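S.K.: Heads up: the protein sequence lines correspond to chains A and B, in order.
Each residue of the first sequence is one higher than the one before, starting from 360 at the first, in the numbering used here.
Each residue of the second sequence is one higher than the one before, starting from 67 at the first, in the numbering used here.
All C-beta atoms in this analysis are idealised placements derived from N, C-alpha and C, irrespective of residue type, glycine included.
As the structure is a prediction and not an experimental result, all values here were calculated from the model.
Next up is a structure, given as structure tokens.
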Amino acid sequence: MAASKEYAYFIKGNKLSLVEKDFSGTGSGLNYTYSAADGIELPSGGGTWKSPLTSVTNGIQIEYTHGGGYEFTYNSFVGYAAYVSLTDTNGTIAESTIIGSSTKGLYAIAAEGISINWGTYLSIGDYIVVRGDSDLSGLHRIHSFENYGGTNRAIVLDTRYPSSGANQRQGSLRVYYDVKPLLDEDSEIQIPRYKAVAISYYIKARLLEDMGKLKESEYFMAKFFKHLERHDDAKVWSLRQVMPGGHAIR
Amino acid sequence: MKVSELMERVGSEETGRVTAYLKDALEEMNMTSPEHVTSVGINIVADQRYYDLPADYVKILDIRIKNHANSSDEYRSIPRMIGEPPVEDAPDSHYGFGELE
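So, in structure tokens, the structure goes:
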């Protein structure tokens with residue numbers, strides 16, 4: 360059984376900063392131990408906040424909302440336990456495999472341990488949605504396929520990685536195919552119809568703003584938020600009350 | 067609803083402009099009224115303090131850590147600190163920023 364720990368976080372720019380309280384030197388996850396002979400023993404770590412003390416696989420779970428500007432189904436996916444690789448200055452995805460010079464600086468995903476021919480599911484120029492990797496979460500376009508321990512076992516994405524230097528990491532990815540981004544008039548907006556109506560108010564507001572009709576724009580923007588509020592309220596069956604605080608002026 | 071129907075509702079024939087505003091609207095909507103909710107798992111690395119937030123996030127709803135305040139492998143929400151610890155405790159605790167190393 361794993362020991363109980365104490366974590367906290369803060370946000371710094373586009374990074375999540377994770378710290379853990381160091382209770383080392385004491386037993387049972389307490390911040391002190393007591394014995395009749397020695398009295399109270401304080402932890403050697405001092406109970407201070409430090410960077411995580413131990414590695415934990417899949418230790419962080421971040422729940423978040425994304426823009427959702429694409430159509431895809433959760434049923435169409437491949438790619439468990441894939442390698443995410445950054446194609447470095449030599450264009451390598453792994454020591455034994457060389458990717459063409461045109462793909463330098465792009466992300467690549469290579470299936471590891473499972474036999475996937477990506478060409479079965481995807482074509483060059485297709486869109487995919489990646490889940491399971493923080494850097495790559497979201498929509499990407501296929502740049503090319505590469506051979507990696509088998510034909511078309513690696514895909515190179517049309518996505519540049521921001522930092523310098525080569526890097527490679529292994530993770531449990533899901534690559535969703537059958538993805539259609541919002542590109543043309545035939546695209547379906549994957550939200551409830553009621554919210555789609557709210558979005559029409561938002562777009563009206565922005566178009567009016569472009570024309571300099573600020574008063575009318577404000578009207579439609581207020582309608583947008585009101586519509587969203589009504590949608591959220593409809594999911595709550597009980598009375599919603601906001602109580603004044605203990606120090607409020609009554 | 068299709069984009070074409072949306073364009074008729076707003077009285078515009080400019081597909082590119084409406085699509086751009088549509089993407090803005092979806093992000094604004096997900097700020098105030100979460101619709102497209104997902105989660106990602108990240109490995110905790112000893113002595114590494116900074117971790118990438120998901121590339122496509124609009125709003126963070128919750129951050130849960132395995133074994134926080136329990137010893138039965140449960141994921142529990144962790145509190146947000148006010149301020150940050152003044153001490154960078156490990157030489158590579160800035161790993162993840164790259165340019166700060």
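Suppose the cutoff is 6 Å on Cβ atoms and the five residues either side in sequence are ignored; what does the same chain contact list for N511 of chain A look like?
M.R.: N476, W477, G478 and F504.
S.K.: As an exercise, report each continuous beta strand (DSSP E) stretch of at least 3 residues that is fully enclosed by the stretch 495 to 566 of chain A, in chain order.
M.R.: Within the stretch 495 to 566 of chain A, the complete beta strand (DSSP E) runs of at least 3 residues are 497 to 505, 513 to 519, 527 to 530 and 533 to 540.
S.K.: Would you tell me roughly how many angstroms separate the C-alpha atoms of I514 of chain A and G418 of chain A, rounded to the nearest one?
M.R.: Taking the straight line joining both Cα atoms gives about 27 Å.
S.K.: Using the Cβ count rule (16 or more neighbours within 10 Å means buried), how would you classify D592 of chain A?
M.R.: Exposed is the call here.
S.K.: Can you tell me the Cβ-Cβ gap for I483 of chain A and V534 of chain A, rounded? I've got them flagged as a contact below 8 Å.
M.R.: No, I483 of chain A and V534 of chain A are not in contact; Cβ-Cβ is about 15 Å, not under 8 Å.
S.K.: Nearest CA to the CA of R130 of chain B: which residue from B:E94, B:V153, B:E93 and B:Y141?
M.R.: Checked all of B:E94, B:V153, B:E93 and B:Y141; the closest Cα to R130 of chain B is B:Y141.
S.K.: Comparing alpha-carbon positions, which option in B:E150, B:V69, B:R75 and B:L72 lies nearest R115 of chain B?
M.R.: Minimum Cα distance to R115 of chain B is reached at B:E150.
S.K.: Between the stretch 72 to 79 of chain B and the stretch 370 to 379 of chain A, do at least 3 Cβ pairs fall closer than 8 Å?
M.R.: No, they do not touch.
S.K.: Taking C-beta pairs closer than 7 Å, name the residues in chain B that K563 of chain A reaches, listed in chain order.
M.R.: Near K563 of chain A (Cβ distances below 7 Å), the residues of chain B are V76.
S.K.: How many whole angstroms separate the CB atoms of L88 of chain B and I558 of chain A, which I take to be in contact at a CB cut-off of 8 Å?
M.R.: Sure, about 7 Å apart at Cβ, within 8 Å.
S.K.: Looking at the unbroken beta strand (DSSP E) that takes in F579 of chain A, where does it start and where does it end?
M.R.: From DSSP, F579 of chain A is part of no beta strand (DSSP E) but of the alpha helix (DSSP H) over L573 to D592.
S.K.: What did DSSP end up calling S70 of chain B once you bin it into helix, strand or coil?
M.R.: Here S70 of chain B sits in helix by DSSP.
S.K.: When you compare the CB of L375 of chain A with every CB in chain B, is at least one pair closer than 9 Å?
M.R.: Taking Cβ atoms only, chain B reaches closer than 9 Å to L375 of chain A, which makes this a yes.
S.K.: Find the nearest neighbour of Y560 of chain A within the set A:K409, A:D569, A:Y578 and A:D543, judged by alpha-carbon distance.
M.R.: The option with the nearest alpha carbon to Y560 of chain A is A:Y578.
S.K.: Okay, do the stretch 580 to 592 of chain A and the stretch 111 to 127 of chain B touch, 3+ Cβ pairs below 8 Å being the bar?
M.R.: Too few Cβ pairs lie closer than 8 Å, so no.
S.K.: Within a Cβ cutoff of 8 Å, which residues of the same chain sit near M95 of chain B, ignoring the five residues on either side of it in sequence?
M.R.: So the list reads E101, once near-sequence residues are dropped.
S.K.: Would you check if the distance between the CB atom of H499 of chain A and the CB atom of V489 of chain A is smaller than 9 Å?
M.R.: Yes, Cβ-Cβ distance for H499 of chain A and V489 of chain A is below 9 Å.
S.K.: From the beta carbon of H606 of chain A, is the nearest beta carbon of chain B less than 9 Å away?
M.R.: Chain B contact via Cβ: absent.
S.K.: Report the rounded CA-to-CA distance for L532 of chain A versus S496 of chain A, giving the unit in angstroms.
M.R.: Going from the Cα of L532 of chain A to the Cα of S496 of chain A covers about 10 Å.
S.K.: For Y466 of chain A and T518 of chain A, which I take to be in contact (beta-carbon distance under 8 Å), what is that distance rounded to the nearest angstrom?
M.R.: At roughly 5 Å, the Cβ-Cβ gap stays under 8 Å, so Y466 of chain A and T518 of chain A are in contact.
S.K.: Look at V103 of chain B and L127 of chain B and say whether their C-beta atoms are less than 9 Å apart.
M.R.: Yes; because the gap between Cβ atoms is below 9 Å, this pair is in contact.
S.K.: Between the alpha carbons of Y366 of chain A and E422 of chain A, how many angstroms are there, rounded?
M.R.: Answer to the nearest angstrom: the Cα atoms are 17 Å apart.
S.K.: Run through DSSP, which three-state label would L377 of chain A get?
M.R.: In this structure, L377 of chain A counts as strand in the three-state DSSP scheme.
S.K.: Does F504 of chain A have its Cβ less than 9 Å from a Cβ in chain B?
M.R.: No, no contact with chain B.
S.K.: Identify each residue in the stretch 579 to 592 of chain A for which the Cβ-Cβ distance to at least one residue of chain B is less than 9 Å, and report them in chain order.
M.R.: Listed by position along the chain: F583, F584, L587, E588, H590 and D591.
S.K.: Could you give the residue range of the beta strand (DSSP E) that holds E365 of chain A?
M.R.: Neither: E365 of chain A is in no beta strand (DSSP E) and is coded neither H nor E.
S.K.: Taking only the alpha-carbon atoms, compute the straight-line gap between V538 of chain A and P152 of chain B and give it to the nearest angstrom.
M.R.: Cα to Cα, the separation comes out at about 45 Å.
S.K.: Quick one: Cα of D113 of chain B to Cα of T413 of chain A, how far?
M.R.: Straight-line Cα distance between these residues: approximately 7 Å.
S.K.: Tell me, to the nearest whole angstrom, how far the beta carbon of H190 of chain B is from that of K364 of chain A; I am working on the premise that it is less than 8 Å.
M.R.: Examination of residue 190 of chain B is not possible in this model, given that chain B is present from 67 through 167 alone.
S.K.: Using C-beta distances below 8 Å, list every residue in its chain close to A607 of chain A, excluding the 5 sequence neighbours before and after it, in chain order.
M.R.: So no residue of the chain qualifies.
S.K.: Out of curiosity, what's the CA-to-CA distance linking G450 of chain A and Y536 of chain A?
M.R.: Note that G450 of chain A has pLDDT 46, beneath the 50 cutoff, so the model's placement of it is unreliable and the number below is only indicative. Roughly 25 Å between the two C-alpha positions.
S.K.: Mind checking V69 of chain B: buried by the 16 CB within 10 Å criterion, or exposed?
M.R.: Classification for V69 of chain B: buried.
S.K.: Using the Cα positions of E430 of chain A and S546 of chain A, report the straight-line distance between them to the nearest angstrom.
M.R.: If I take the Cα positions, the gap works out to 8 Å.
S.K.: Starting from R552 of chain A, find everything on chain B with Cβ-Cβ shorter than 7 Å and list it in chain order.
M.R.: By Cβ distance, chain B contributes M67.
S.K.: Excluding the five sequence neighbours on either side, which residues of its own chain have a C-beta within less than 7 Å of the C-beta of E454 of chain A, listed in chain order?
M.R.: For E454 of chain A, the predicted structure reports a pLDDT of 40, less than 50, and the residue's modelled location is therefore unreliable. The matter cannot be settled from this model.
S.K.: Would you say T424 of chain A and K125 of chain B are within 9 Å of each other, going by their C-beta atoms?
M.R.: Cβ distance < 9 Å, so T424 of chain A and K125 of chain B count as in contact.
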